[in-house]
Structure formats: C-alpha cells, structure tokens
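As structure tokens, the structure follows; a few thoughts come after it.
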Amino acid sequence: MNQDSVNRFSDRVENYANYRPDYPAEVLDFLQHNINFSPSWRVADIGAGTGISSKLFLDNGNKVFAVEPNAEMRKAAEGYLSEFSKAVLIDANAEKTKIESNSLELVTASQAFHWFNNKKCAQEFKRILKDDGYVVLIWNERVLGANEFLRKYEEVLLEFGTDYQSVRHDKLTKASLETCFRSEFETATFPNSQTLDFDGFKGRAFSASYTPAIGDVRHKKMLERLKSLFADFEEKGRIHLLYNTNIFFTQI
C-alpha cells in the first residue's frame, strides 16, 4: 500500500466505524460448505480497518490477525474488538504483514484489496499461508441502478467524488485476480443492505475516501444534495442502500 492509500481514511474513521455495512451471515455458511472453513482456522484479515470484517471471523471463534497500517483506523478496531481475546492487532501493511511464515489457513481482505500492490501482496499471502491455504476476498459492492433512488445517489457520487471512478470495486474482476495470484478463483454473491436515517445516510456517504472532506467547498454542496435526495426518497424517515456481497476465493 502506498502512503496515500494508508492515510486517506484518517479523517473518515468515525463515519467508517459507525456507518459502513457489515457482511451477511451467509458468508460464513458458504465458506464452511465450500472450503471446510472451521473455528480452528487461523485467519489474517489484511487491511482490517475498524474491525468490521475481523468481527465476522471472531464471532465464529477464529483467531484473527487484524493487519491495519492506519493508526486511527487501528485504534478504532482495538476498541471495537476489545472483547475478543483471539483478536491480534498488527501495525503492518498487505505487502509486509509481520506474520510468521506458513502459519495460517486463511488470508482475507474485505473492502481493502483494491488499495494493495497486487503482485507484492500475492507473494506475501503465499508466504504466510500454510500449504494449500485459502485466499478469500470479500467486499460489499453497492447496487448502482436497482431503483431511482440508487441511480440518483450514483449521480451525486459521480458529480462530487474526487477519484470515485478509479477506485471502485468493479475494477477488480475474476480475470484480474487470477492474473495476480496465478490461480483460478471461484466466486459467489449474496444480497446485503442497509436501512438508514439521514444521519446514517450522510455518515455512509462521507465514510468514502473519494467524497469531499469537511472544509472542502464541495462538502457543503454535496451535503445539500444528500439532504434533497433523502427528502425525495425516504419512507418513514429511512432509505435503503442495496449491496451485493461478493466473494472470490482460491487456494495458493
């Protein structure tokens, strides 16, 4: 990860921790049925952020090495995961995790993989995994055009997003991952959603690193657009964001 990728969420931590979507329970069921995933597996969660994805595996009983280079995000994760004795927070990045070689059954990255140096992280994942260990990449991808609200929200992000189009998850494909890891991936997709009041909707929007920060003149303008959009589409004070939770997995 380059330094810009590491630092770009430093002023988004509170919104990220409070308003990013989690992952559906079907993810664990799927892994259990398809790769024999079990609570005994040791997991590295690379780019763990505030701990949302790590908690998915900790709730399952796994020991999780949560690797996060951003100090503010890591501090939030320490608080969020403080009840879990099997959580190990590591100040490191995807290309040099500080984890012992050949020590893990599974390496995962959730939402963060598109920030990594693909070639270097693939080598690092191979180093820390046991023979025939699994890489499981998971991310929530917002459904862009399922209804008028989602189409209008996408228009707002395209208008105000700083580098939105270049960092979207749909830039990552099965083919690009297979080139990176030199291994054939299997895939699955599950529906996911958030129901948010306006504060939640605002927080979710500004948790993204590509939206204008407070102090940027465009921040106030985007906020007004979000207010208008929410007013047009809310039902009983709530709106619904729809996602696809995508899973890509392989052995390396």
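Under the working numbering, the first residue of the sequence shown carries the number -13, and numbering increases by one thereafter.
All C-beta atoms in this analysis are idealised placements derived from N, C-alpha and C, irrespective of residue type, glycine included.
In this text the structure is predicted, and so the values were computed from the model without any measurement.
{"Item": "Around the C-beta of T181, are 16 or more other C-beta atoms found within 10 angstroms, so that it is buried, or is it exposed?", "Value": "exposed"}
{"Item": "Threshold first: 4 residues or longer. Then list the alpha helix (DSSP H) segments lying entirely within the stretch 142 to 190, N to C.", "Value": "150 to 153 and 160 to 167"}
{"Item": "In the DSSP assignment, the beta strand (DSSP E) including S96 goes from what residue to what residue?", "Value": "L90 to S96"}
{"Item": "Could you tell me how far apart the beta carbons of T173 and I233 are, in whole angstroms, since I believe they sit closer than 8 Å?", "Value": "6 Å"}
{"Item": "Is it the case that the Cβ atoms of F171 and F219 are separated by a distance below 8 Å?", "Value": "no"}
{"Item": "Could you check if N133 is buried or exposed, using at least 16 other CB atoms within 10 Å of its CB as the buried criterion?", "Value": "exposed"}
{"Item": "Excluding the five sequence neighbours on either side, which residues of its own chain have a C-beta within less than 6 Å of the C-beta of N46, listed in chain order?", "Value": "L14 and P25"}
{"Item": "Hey, how far is the Cα of K222 from the Cα of K213?", "Value": "15 Å"}
{"Item": "Where do the N-terminal and C-terminal ends of the beta strand (DSSP E) with N126 fall, by residue?", "Value": "L115 to R128"}
{"Item": "Mark Q(-11) as exposed unless 16 or more other C-beta atoms lie within 10 angstroms of its C-beta, in which case mark it buried.", "Value": "For Q(-11), the predicted structure reports a pLDDT of 46, less than 50, and the residue's modelled location is therefore unreliable. The matter cannot be settled from this model."}
{"Item": "For the candidate residues N126, N20, L143 and G186, whose alpha-carbon lies nearest to that of R204?", "Value": "L143"}
{"Item": "Once the 5 residues before and after K138 are set aside, which same chain residues still bring their CB inside 6 Å of it?", "Value": "L215"}
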